[in-house]
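Position 18 of the sequence shown, counted from 1, bears residue number 18 in the UniProt record's numbering, the numbering being contiguous throughout.
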Amino acid sequence: MTLENIVKQIKTYYTFSETELEIIQSKFQYNIFKTKEFILNKGQVATHIHFIEVGLVRVFYLKNAKEITTYLSSDNGFVSSYSSFINQKKSYESIQCLESTETFSISYKDMQELYKIVPQWQRIGRYLAEQNVICLADRLLSLQSISAKEKYDNFLKTAPSKIVKRTPLIHVASYLGITPESLSRLRKLKY
């Protein structure tokens, strides 16, 4: 496996020298996860951020024994329990692969080291943090202020095709904050 896709992603945020890119690439490790395998379990510390080379994952937590999906990610996306990763404290979330998934991951320790030896790497860290905040703010606003139909329409328009087509509907409904029955009715209206 090569780091070609992650290098492309990194280059969209900032231009690094070849030497810097070599240092950055040396900090990533390749991982393979099976369908339904957990990248992170609730109660563990998120020690890595994962760049998804290929695959589909969900982030969720339990509320009254019910799984609440908070994030979905697929090819060329990043995933972690960011609060746990940044604070190096136990995660209240779990990350599970919905299909066979290959990632390149960077550890918290290596991330901190890159901040020191490749100072411009801080732009990547800031970008990831900013995207996470934007995602959370948009999600919170969506969950509290728009109808189920608007949520579903927005999901269809903005989510990557792979997520729309291959995520089990129970997880899509949970992610949208609606019941599976409501999602089923909305889907019937669309087709």
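Backbone N, C-alpha and C define an ideal beta-carbon position, used for all residues, glycine too.
Quick caveat, the model's predicted, so the values are computed rather than measured.
- Counting only unbroken stretches of 4 or more residues, the alpha helix (DSSP H) elements lying wholly within the region 101-134 are 108-117, in sequence order.
- Taken in chain order, the complete beta strand (DSSP E) segments of 3 residues or longer contained in the UniProt domain "Cyclic nucleotide-binding" (12-78) are 28-33, 38-40, 48-63, 66-74.
- Taken through DSSP and simplified to helix, strand or coil, E93 comes out as coil.
- Beta-carbon to beta-carbon, I52 and S73 are separated by about 6 Å, close enough to satisfy the 8 Å threshold.
- Within a 10 Å sphere around the beta-carbon of E37 sit fewer than 16 other beta-carbons, which makes this residue exposed.
- Between the alpha carbons of I146 and M111 lies a distance of about 37 Å.
- Closest in alpha carbon position to G55, among I163, S105, F155, is I163.
- Looking from the CA of P160, the closest CA among Y61, D75, L189 belongs to D75.
- In the structure shown, the three-state DSSP call for L3 is coil.
- Between the beta-carbon of Y61 and that of Y92 there is about 5 Å, and that keeps the pair under the 8 Å contact cut.
- For A148, the enclosing alpha helix (DSSP H) has its first and last residue at 148-158.
- Cβ neighbours of V59 within its own chain (closer than 6 Å, five residues either side excluded): T70, Y71, E93, I95.
- Residue range 161-166 is occupied by the alpha helix (DSSP H) that includes I163.
- S80: not part of any alpha helix (DSSP H); DSSP gives it neither H nor E.
- Contact between Y108 and Q88 holds, with the beta-carbon distance rounding to 6 Å and staying under 8 Å.
- Separation of V118 and E20 (C-alpha to C-alpha, rounded to the nearest whole angstrom) is 7 Å.
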